[in-house]
Amino acid sequence: MDASLPAHMRPERSFQGFILALQRFWAEQGCVILQPYDMEMGAGTFHPATTLRALGPKPWNAAYVQPSRRPKDGRYGENPNRLQHYYQFQVIMKPSPPNLQELYLKSLAAIGIDSAVHDIRFVEDDWESPTLGAWGLGWECWCDGMEVSQFTYFQQVAGFECAPVAGELTYGLERLAMYVQGVDRVYDLNFNGREGDAKVTYGDVFLQAEREYSKHNFEVADTAMLFEQFKMAEAACRKYLDAGWKDDKREAHLMALPAYDQCIKASHVFNLLDARGVISVTERQSYILRVRELAKACGEAWIHTEAGGAA
Amino acid sequence: MPDLLLELFSEEIPARMQARAADDLRRMVTDKLVAEGLVYDGAKAFATPRRLALTVHGIPARQPDLKTERRGPKVGAPDAAVQGFLKATGLKSLDEAKIQRDPKGDFYIGLIEKPGRDAIDVLAEMLPVIIRTFPWPKSMRWGARSGKPGSLSWVRPLHAITATFGLETEEPDVVKFSVEGIEAGQTTYGHRFLAPAPISVRRFEDYEAKLLAAKVILDPERRKDAILADAKQLAFAQGFELVEDQNLLDEVAGLVEWPVVLMGSFEPEFLATPSEVIRATIRNNQKCFVVSDPKTGKLANKFILVANIEATDGGATIIAGNERVIRARLSDAKFFYETDLKTRLEDRLAKFDQIVFHEKLGTQAERIKRIGRLAAEIAPLVGADVAKATRAAHLVKADLLTEVVGEFPEVQGLMGKYYALAQGEDASVAAACEEHYKPQGPADRVPTDPVSVAVALADKLDTLAGFWAIDEKPTGSKDPYALRRAALGVISLITENALRLSLLKVAASALAGLSVKPADAQKLPSDLLAFFADRLKVQLREQGARHDLVDAVFALGGQDDLLMIVRRVEALGKFLDSDDGKNLLAGTKRAGNILSIEEKKDKRTFDGAPDAALYSLAEEKALAKAIGEVKAEASAAVAKEDFAAAMSAMAKLRPPVDAFFDKVRVNDDDAKVRENRLKLLNEIRSATRAVADFSKIQD
């Protein structure tokens, strides 16, 4: 931890200071610090900077905050730690550096978690995303019995082998910050690190949104429109993928990213429909499969782009 | 003789894979050593979260020289054959070959001498292969090298290999090899946080000691012992008792290299939640132990955690952190439990209409109805109140839809009991919620409450009938629906509660209740009965009893009352242990053998009553008389279900049977006498059938 920081910027005092400390740490490790992707998604992994960049031979090191939308997890602002919108901090390093575990532990130190007094553990957790056609092996990282991060060595993404393998870290920011700040209710997090009248809490920023979106997600979201949107996104994704091939040889693709946006869109629309309870158990599987097929097709297109390593 | 030390140092190995991996490493290395002619004295393997280690001691320094003879072509064979022989044996010319004479002529014999190699070279060759082919249940690639095809797969990234070989008295050599750019050497590392510096090691003894100094207990058994002793001591010191949990202990020992046992507490209010739920929460989610109050036996508001570090603050932060998480988890569990209590079990049932039990067997709701109907039918047969059994069958599955069971599937049934009691159900109805799943295995308790028994039988019989009807029977090692366990459960329920039940009838009834109507419906009840017979045999065999007697009883036909079958088998077993029994069995078999030979010869059977007028010898008359008496006596005893008495009656057959074979020649020259004597032999066989088919009994 940087002792020269003013109190209101310290990771144990302020949520934003906490995020800034992580960004600074990973910037120093050579990561590009990206801003959140401008689309709704269920997890930071969906960000093209992870999903697509994990594919292909080119080195890639990036870190970013990504708002994660889990419509079903809404609790109308009444649960102390469940949110339908929360932040993930995502790090991806390709190829995975040999000292990734040490870097991770140093990042914890940078946000005030000292391994001399905290019990930090790597507990088996295999990661799989059926919608992304992706899997990897790694751990959930425990700090004093609490899961604070996911640590994964990607083996496959969008149905393609990762070569080389990327290491991915996902920090649950609210949960970690609550631990570091010592609060039991997410809405009590000090957001800006100030005290008294100047203090802004997480609740000041997000409580109303949680209530509104919970109502939206569970009660009002227009399902007829959403079903239509799913179909449209699916069709658009296919259309852009088809149109993206440079020529008939299908060796170079010029529109993987716009197509993948539609895959992200379809996935979020599906999550909304799921939260509304209008997708039956049997249909559910087929929707997941449809999104996966899009993700795979996008992966296929990506590896034929420049950043994906083609030619 | 020299020893091998091997350590594979990696990132954290999943706890559940460690023991197996250590064993595989030992097996693979020692098997290969033996295959290479290097017979060792002993080997032991260890695992921690970050390393697999192996010590093999007493390996010969060199392989023995190998001499083999190879037979070549005949003397004077064409040149091509000779050249091929020379090439295969490495001989320079035929002068180096011996000539051996055998009946087919003179042949060249080449003597191939393969000098033994140094063991360290053999090791250097085999170890990388073992590492590359190691059978991890799941493995992965990593780092820059994973961009190339054929890169190493390991359970998690492998960082260092230690491999030394040498005598105790000398500085050992490093076994020189490399895998994926990792050179084998003598450097390992201590505890991740407490002593991360590199350590140079020579051989197993200093390796283990240096690791210990670097806060790593290598041997998982020692870690377990330490955890268990410390946990017990810590609990005891505060006036509590550790609730032991072997599986948890195994897992926790695989999560730490340096176990430090600490105790935390939670708010006593949480103890209002059922203790099984508290335990499941603390155990499954947090991998912590619970403790009880030795005076009451009830859970205390404490838990025991096992940390991996000696914290500089004595563990205060770790305890506080764990308490926080456990508090949050317990509030969730409490919330689930309280939420569950707000809905009556019967109000949950509508949802079962939407839940498919099995594609071909309909919904859970349909299944629950079938169990209810069957339980009502079975209830009077097992002394249960029909109304209670029906009510219980209606409710027993409802807890599957509760929050707590959704979170912790292992408390299914038990939660049903809690919720049933809370909504004022009859105690037997509530008990059935838990007990109808029982017995789950040979070690599990068999319910005795008649309501539980009725529902447990109905549940299992519906499952068996259903999967029989759709032809999803267990085959070989495959039994995805645990049908063998269900059948064994039925057997235990019946025998341990001494129930009288016609299995054919209840099976037929269970089958009739299904909506699927298989083509071979007629024979399914007897198929199922045969499956029960098989299970009964397996059970008896596992208990060390004679399972062949089951066949002898089933062969009588019409036997579908399990209790009577078991009683009969028991009595028969005892009888056959006695001299009378053994001899009567021998006599009966002898009669059977003679009969089958003569029946074949004459192409006829010898049924029908013998003619008393044709008896000429006293032994014949005595036997005929005894058969008459024994038959009547045994049948009467069987009718009274007194199998012991039936066997005693049988015992009376022995002397006249023995005397008959002693004195009477069956194949008399007079055809009529012969026929009559064969009929008498047939009578022995039929008399013994009052208790069992003796021909099915193994000697």
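In the order they appear, the protein sequences are chains A and G.
By our numbering, the letter at position 32 of the first sequence is numbered 32, and the numbering carries on one by one without gaps.
By our numbering, the letter at position 413 of the second sequence is numbered 724, and the numbering carries on one by one without gaps.
Here a beta-carbon is modelled for each residue, glycine too, at the ideal position from N, C-alpha and C.
I'd like the span of the beta strand (DSSP E) that includes residue i, first residue to last.
i, result
"S321 of chain G", "314 to 321"
"G383 of chain G", "377 to 385"
"Q850 of chain G", "Not the beta strand (DSSP E): Q850 of chain G falls in the alpha helix (DSSP H), residues 835 to 853."
"W60 of chain A", "60 to 69"
"V784 of chain G", "Looking at the sequence provided, one finds Lys at residue 784 of chain G rather than Val. Where K784 of chain G is concerned, there is no enclosing beta strand (DSSP E), given that its DSSP letter is neither H nor E."
"N612 of chain G", "610 to 618"
"K398 of chain G", "No beta strand (DSSP E) contains K398 of chain G, which is instead part of the alpha helix (DSSP H) from 390 to 400."
"Y179 of chain A", "Segment 173 to 181 is the alpha helix (DSSP H) holding Y179 of chain A; no beta strand (DSSP E) there."
"G353 of chain G", "353 to 359"
First and last residue of the alpha helix (DSSP H) that includes residue i?
i, result
"E140 of chain A", "No alpha helix (DSSP H) holds E140 of chain A; the beta strand (DSSP E) holding it covers 134 to 143."
"Y748 of chain G", "Counting along the chain, Y748 of chain G falls outside any alpha helix (DSSP H), and DSSP gives it neither H nor E."
"G369 of chain G", "That residue, G369 of chain G, is in no alpha helix (DSSP H); it is neither H nor E in DSSP."
"I637 of chain G", "627 to 652"
"H268 of chain A", "256 to 275"
"M146 of chain A", "Counting along the chain, M146 of chain A falls outside any alpha helix (DSSP H), though it belongs to the beta strand (DSSP E) covering 146 to 157."
"W127 of chain A", "Per DSSP, W127 of chain A belongs to no alpha helix (DSSP H); it is in the beta strand (DSSP E), 127 to 129."
Strictly below 8 Å CB to CB, what residues from chain G border residue i?
i, result
"C143 of chain A", "G632"
"H216 of chain A", "Those do not exist, as H216 of chain A stays about 24 Å from chain G at its closest Cβ, beyond 8 Å."
"P98 of chain A", "G454, P468, H470"
"P11 of chain A", "In chain order: nothing, as chain G lies at least about 16 Å away."
"D126 of chain A", "K449"
Exposed or buried, residue i, counting other C-beta atoms within 10 Å across all chains shown (16 or more means buried)?
i, result
"R467 of chain G", "buried"
"F547 of chain G", "exposed"
"I630 of chain G", "buried"
"N596 of chain G", "buried"
"L422 of chain G", "exposed"
"D760 of chain G", "buried"
"A346 of chain G", "exposed"
"V527 of chain G", "buried"
"A818 of chain G", "buried"
"I264 of chain A", "buried"
"R514 of chain G", "buried"
"Q150 of chain A", "buried"
"A54 of chain A", "buried"
"P71 of chain A", "buried"
"V350 of chain G", "exposed"
"D624 of chain G", "exposed"
"K771 of chain G", "buried"
Residues of chain G with CB under 7 Å from residue i, in chain order?
i, result
"W139 of chain A", "E323"
"S115 of chain A", "F504"
"A163 of chain A", "S457, G458"
"P130 of chain A", "Here the premise fails: no neighbours, minimum Cβ distance about 17 Å."
"L123 of chain A", "Reading the sequence as shown, one finds Val at residue 123 of chain A and not Leu. Going along chain G in sequence order, the residues near V123 of chain A (Cβ under 7 Å) are L566."
"Y153 of chain A", "M451, W453"
Run through chain A and tell me which residues come within less than 7 Å of residue i, C-beta to C-beta.
i, result
"L616 of chain G", "G145"
Residues of chain G with CB under 9 Å from residue i, in chain order?
i, result
"H118 of chain A", "I620, A622, T628, I629, G632"
"P95 of chain A", "W453, G454, A455, R456, S457, G458"
"P67 of chain A", "Those do not exist, as P67 of chain A stays about 23 Å from chain G at its closest Cβ, beyond 9 Å."
Going along chain A, which residues have a C-beta under 9 Å from residue i?
i, result
"V527 of chain G", "Correct list: empty, because the minimum Cβ distance to chain A is about 15 Å."
Throw me the rounded Cβ distance for the residue i and residue j pair, which I believe falls under 8 Å.
i, j, result
"A333 of chain G", "A358 of chain G", "4 Å"
"L989 of chain G", "E909 of chain G", "6 Å"
"V1002 of chain G", "V949 of chain G", "7 Å"
Identify the contact partners of residue i in chain A, using a Cβ-Cβ distance below 8 Å as the criterion.
i, result
"V636 of chain G", "D144, G145, M146"
Practice prompt. Below 9 Å between beta carbons is the criterion; list the residues of the region 365 to 393 of chain G that meet it against any residue of chain A, in chain order.
Written response: Flagged: no residues at all.
Practice prompt. Mind checking the region 548 to 572 of chain G against chain A and listing, in chain order, the residues whose C-beta falls within less than 9 Å of any C-beta there?
Written response: Cβ contacts with chain A come from L566, V567, V571.
Worksheet entry | chain A contacts made by the region 322 to 352 of chain G, where a contact means CB separation under 9 Å | Within the region 322 to 352 of chain G, contact with chain A at the beta-carbon level (separation under 9 Å) is assigned to E322, E323, I324, P325, A326, R327, M328.
Worksheet entry | chain G contacts made by the region 15 to 49 of chain A, where a contact means CB separation under 8 Å | Result list empty, no residue passes.
Item to complete: Name, going along the chain, the residues of the region 708 to 728 of chain G whose beta-carbon falls closer than 7 Å to a beta-carbon of chain A.
Response: Answer set for the region 708 to 728 of chain G: empty.
Discussion item. So if I threshold CB-CB distances at 7 Å, which residues from the region 661 to 681 of chain G count as touching chain A?
Written reply: Result list empty, no residue passes.
Fill in: Proximal residues, the region 443 to 458 of chain G versus chain A, C-beta separation under 7 Å
Those would be K449, M451, R452, W453, G454, A455, S457, G458, in chain order.
Worksheet entry | Short-range partners of chain A found in the region 580 to 603 of chain G, where Cβ spacing is below 7 Å | Answer in chain order: Q597.
Worksheet item: Listed from N- to C-terminal order along the chain, which residues in the region 179 to 196 of chain A have their beta-carbon within a distance smaller than 8 Å of any beta-carbon of chain G?
Response: Within the region 179 to 196 of chain A, the qualifying residues are Y179, D184.
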